[in-house]
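Student:
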Amino acid sequence: MAQSTAAPAPTALPVAAPLPVRAILPWALFFGLLMLVLLYFVGAEQGAFAVFSGEGIHEWVHDGRHLLGFPCH
Ligand SMILES: [Zn+2]
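According to the numbering used here, numbering within the sequence shown proceeds without interruption in unit steps and concludes at 683.
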C-alpha cells in the first residue's frame, strides 16, 4: 500500500478586511459607556451613592461586587 508522504500544499488563509476606526468608534464608545454604568451599579450603588432607593439593585449585583473586590459589608 502506497502512502503519500508529501505534505499538502499550503493554501493561503483568508484575510479579513481591516475595519476602519470610524466604523468601530461609535460602538466602542457605546459599550464603554455601558460598562461604566454597569461598573457603577456593581461598585457604588449603595447607601448615599444610590440612584434607586432600596436594596434591590445592590442585592442583584452583590456576588459580582464581592467577585471584583469592592468593599461591601
Ligand atoms: Zn456583600
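For every residue, glycine included, the Cβ atom is placed at its ideal position computed from N, Cα and C.
Just so it is clear, the structure is predicted and the values come from calculations on it, not from any experiment.
Hey, is R632 close to ligand 1, as in C-beta under 7 Å from one of its heavy atoms?
Tutor: For this step, residue 632 is matched to residue 22 along the sequence shown. For ligand 1, not one heavy atom lies less than 7 Å from the Cβ of R632.
Student: Determine the contact status of E655 and V647, defining contact as a CB-CB distance below 8 Å.
Tutor: Counting from one through the sequence shown, the residue named residue 655 turns up at place 45. Counting from one through the sequence shown, the residue named residue 647 turns up at place 37. No, these two residues do not count as a Cβ contact at 8 Å.
Student: With a threshold of 16 other CB atoms inside 10 Å of the CB of F651, please say whether the residue is buried or exposed.
Tutor: Here residue 651 refers to the residue found at position 41 when the sequence shown is read from its first residue. F651 should be labelled buried.
Student: Helix, strand or coil: how does DSSP classify F651 here?
Tutor: Translated into positions along the sequence shown, residue 651 becomes position 41. Correct three-state label for F651: helix.
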